[in-house]
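S.K.: Numbering (the UniProt record's numbering), first residue to last: 1 to 155.
A virtual CB, placed ideally from N, CA and C, is assigned to each residue, including glycine.
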(Lines of atoms letter the chains of each structure in order from A; the text may use other names.)
(Lines give C-alpha, C1' and ligand atoms only; values in the text may rest on other atoms or scores of the structure.)
Protein backbone atom coordinates (compact mmCIF):
# COMPACT_ATOMS: atom_id res chain seq x y z
CA UNK A 1 0.00 0.00 0.00
CA UNK A 2 1.35 3.43 -1.00
CA UNK A 3 1.58 6.40 1.33
CA UNK A 4 -0.75 9.23 0.44
CA UNK A 5 -0.15 12.88 1.10
CA UNK A 6 -2.48 14.39 3.65
CA UNK A 7 -1.87 17.98 2.49
CA UNK A 8 -4.13 17.91 -0.50
CA UNK A 9 -3.68 19.88 -3.70
CA UNK A 10 -2.04 23.27 -3.29
CA UNK A 11 -3.57 26.36 -4.83
CA UNK A 12 -0.71 28.07 -6.66
CA UNK A 13 -2.80 31.02 -7.79
CA UNK A 14 -2.86 32.51 -4.29
CA UNK A 15 0.87 32.24 -3.65
CA UNK A 16 2.33 35.33 -2.14
CA UNK A 17 4.15 37.36 -4.77
CA UNK A 18 7.45 38.92 -3.88
CA UNK A 19 7.15 42.60 -4.37
CA UNK A 20 10.43 44.29 -5.07
CA UNK A 21 11.15 47.82 -4.04
CA UNK A 22 12.57 49.49 -7.12
CA UNK A 23 14.71 52.54 -7.68
CA UNK A 24 11.78 54.09 -9.57
CA UNK A 25 9.69 53.92 -6.36
CA UNK A 26 12.08 56.23 -4.47
CA UNK A 27 14.05 58.25 -7.02
CA UNK A 28 13.61 62.01 -7.17
CA UNK A 29 12.08 63.19 -10.42
CA UNK A 30 11.95 66.95 -9.80
CA UNK A 31 15.62 67.78 -10.11
CA UNK A 32 17.76 70.88 -10.05
CA UNK A 33 19.79 70.46 -13.23
CA UNK A 34 22.64 72.46 -14.69
CA UNK A 35 23.85 73.27 -18.19
CA UNK A 36 27.49 73.06 -19.29
CA UNK A 37 27.54 76.82 -19.95
CA UNK A 38 26.32 77.74 -16.42
CA UNK A 39 28.86 79.57 -14.26
CA UNK A 40 30.24 77.95 -11.13
CA UNK A 41 28.94 80.92 -9.13
CA UNK A 42 25.43 80.02 -10.32
CA UNK A 43 25.98 76.38 -9.30
CA UNK A 44 27.26 77.36 -5.86
CA UNK A 45 24.24 79.60 -5.31
CA UNK A 46 21.86 76.81 -6.35
CA UNK A 47 23.58 74.25 -4.14
CA UNK A 48 23.26 76.56 -1.15
CA UNK A 49 19.71 77.71 -1.93
CA UNK A 50 18.30 74.21 -2.42
CA UNK A 51 20.53 72.54 0.21
CA UNK A 52 21.83 69.93 -2.23
CA UNK A 53 25.34 68.58 -2.67
CA UNK A 54 25.36 68.38 -6.47
CA UNK A 55 23.30 67.81 -9.54
CA UNK A 56 23.20 66.40 -13.05
CA UNK A 57 24.33 68.39 -16.08
CA UNK A 58 22.16 68.04 -19.18
CA UNK A 59 22.13 69.36 -22.73
CA UNK A 60 19.18 70.97 -24.52
CA UNK A 61 17.69 67.52 -25.25
CA UNK A 62 17.72 66.61 -21.53
CA UNK A 63 20.49 64.07 -22.15
CA UNK A 64 22.90 63.52 -19.26
CA UNK A 65 26.36 64.87 -20.09
CA UNK A 66 27.91 65.12 -16.63
CA UNK A 67 27.49 65.78 -12.95
CA UNK A 68 28.70 68.69 -10.83
CA UNK A 69 29.16 68.54 -7.07
CA UNK A 70 30.20 70.65 -4.11
CA UNK A 71 33.58 68.96 -4.31
CA UNK A 72 34.06 70.09 -7.91
CA UNK A 73 33.24 73.68 -6.90
CA UNK A 74 35.54 73.54 -3.87
CA UNK A 75 38.41 72.26 -6.03
CA UNK A 76 38.01 75.30 -8.28
CA UNK A 77 37.82 77.70 -5.34
CA UNK A 78 40.85 76.11 -3.71
CA UNK A 79 42.94 76.28 -6.88
CA UNK A 80 41.98 79.86 -7.72
CA UNK A 81 42.67 81.11 -4.19
CA UNK A 82 45.95 79.18 -4.00
CA UNK A 83 47.20 80.89 -7.16
CA UNK A 84 45.61 84.19 -6.03
CA UNK A 85 43.42 84.32 -9.14
CA UNK A 86 40.09 86.15 -9.10
CA UNK A 87 36.87 84.33 -9.89
CA UNK A 88 36.42 84.26 -13.64
CA UNK A 89 33.19 84.30 -15.65
CA UNK A 90 34.75 81.67 -17.93
CA UNK A 91 34.66 79.18 -15.08
CA UNK A 92 31.79 77.09 -16.36
CA UNK A 93 30.23 73.82 -15.31
CA UNK A 94 31.52 72.22 -18.52
CA UNK A 95 35.11 72.76 -17.36
CA UNK A 96 34.69 71.28 -13.89
CA UNK A 97 31.95 68.66 -14.14
CA UNK A 98 32.64 64.95 -14.06
CA UNK A 99 31.88 63.64 -17.55
CA UNK A 100 32.17 59.90 -16.93
CA UNK A 101 29.00 59.43 -14.88
CA UNK A 102 27.77 56.16 -13.39
CA UNK A 103 24.02 55.80 -13.77
CA UNK A 104 21.51 53.43 -12.28
CA UNK A 105 18.55 51.59 -13.82
CA UNK A 106 15.06 52.54 -12.64
CA UNK A 107 14.13 48.83 -12.41
CA UNK A 108 17.00 47.91 -10.08
CA UNK A 109 16.05 46.70 -6.60
CA UNK A 110 16.64 49.50 -4.07
CA UNK A 111 18.82 47.27 -1.90
CA UNK A 112 21.01 46.33 -4.87
CA UNK A 113 21.32 50.07 -5.40
CA UNK A 114 22.43 50.40 -1.76
CA UNK A 115 25.26 47.97 -2.46
CA UNK A 116 26.22 50.04 -5.52
CA UNK A 117 26.47 53.12 -3.30
CA UNK A 118 28.73 51.29 -0.89
CA UNK A 119 31.02 49.88 -3.53
CA UNK A 120 31.32 53.08 -5.58
CA UNK A 121 31.49 55.70 -2.79
CA UNK A 122 29.01 57.90 -4.69
CA UNK A 123 26.36 60.14 -3.09
CA UNK A 124 23.91 60.06 -6.00
CA UNK A 125 23.19 58.20 -9.22
CA UNK A 126 21.32 59.75 -12.13
CA UNK A 127 18.59 57.57 -13.62
CA UNK A 128 18.55 57.58 -17.42
CA UNK A 129 16.04 56.03 -19.80
CA UNK A 130 16.54 56.06 -23.57
CA UNK A 131 19.38 58.54 -23.12
CA UNK A 132 17.20 61.05 -21.24
CA UNK A 133 17.53 62.00 -17.58
CA UNK A 134 14.37 60.88 -15.76
CA UNK A 135 15.46 61.09 -12.13
CA UNK A 136 18.13 60.67 -9.52
CA UNK A 137 18.62 58.30 -6.60
CA UNK A 138 20.51 59.54 -3.55
CA UNK A 139 21.73 57.72 -0.49
CA UNK A 140 18.97 59.44 1.47
CA UNK A 141 16.37 57.87 -0.86
CA UNK A 142 17.74 54.43 0.03
CA UNK A 143 17.43 55.27 3.72
CA UNK A 144 13.79 56.30 3.20
CA UNK A 145 13.12 52.94 1.53
CA UNK A 146 14.77 51.06 4.39
CA UNK A 147 12.66 52.87 6.99
CA UNK A 148 9.46 52.10 5.09
CA UNK A 149 10.33 48.42 4.70
CA UNK A 150 11.42 48.14 8.32
CA UNK A 151 8.15 49.62 9.49
CA UNK A 152 6.02 47.20 7.52
CA UNK A 153 7.87 43.90 7.26
CA UNK A 154 11.03 43.69 9.39
CA UNK A 155 10.79 42.54 12.99
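Can you tell me the Cα-Cα spacing of residue 145 and residue 39, whole angstroms?
M.R.: When rounded, the distance between both Cα atoms is 35 Å.
S.K.: Kindly list the residues whose CB is nearer than 7 Å to the CB of residue 91, restricted to its own chain and excluding five residues on each side of it in sequence; keep chain order.
M.R.: If we look at residue 91 and ignore the five residues flanking it on each side, its Cβ neighbours are 39, 40, 76.
S.K.: Ignore the nearest five residues each way along the sequence and tell me which others in residue 133's own chain have a CB closer than 8 Å to its CB.
M.R.: So the list reads 31, 33, 56, 58, 62, 63, 64, 126, 127, once near-sequence residues are dropped.
S.K.: Spatial neighbours of residue 68 within its chain, please: CB distance less than 7 Å, with the 5 preceding and 5 following residues excluded, ordered by chain position.
M.R.: Around residue 68: 34, 43, 54, 55, 57, 93, 96, 97.
S.K.: Using 10 angstroms around the beta-carbon of residue 135, count the other beta-carbons present and answer buried if the total reaches 16, otherwise exposed.
M.R.: So residue 135 counts as buried.
S.K.: Give the range of the beta strand (DSSP E) segment to which residue 21 is assigned.
M.R.: Neither: residue 21 is in no beta strand (DSSP E) and is coded neither H nor E.
S.K.: Taking the straight line between their C-alpha atoms, what separation do you get for residue 47 and residue 103?
M.R.: Whole-angstrom Cα-Cα distance: 21 Å.
S.K.: Excluding five sequence neighbours on each side, which residues of the same chain lie with their C-beta closer than 8 Å to the C-beta of residue 149?
M.R.: Contacts found: 21.
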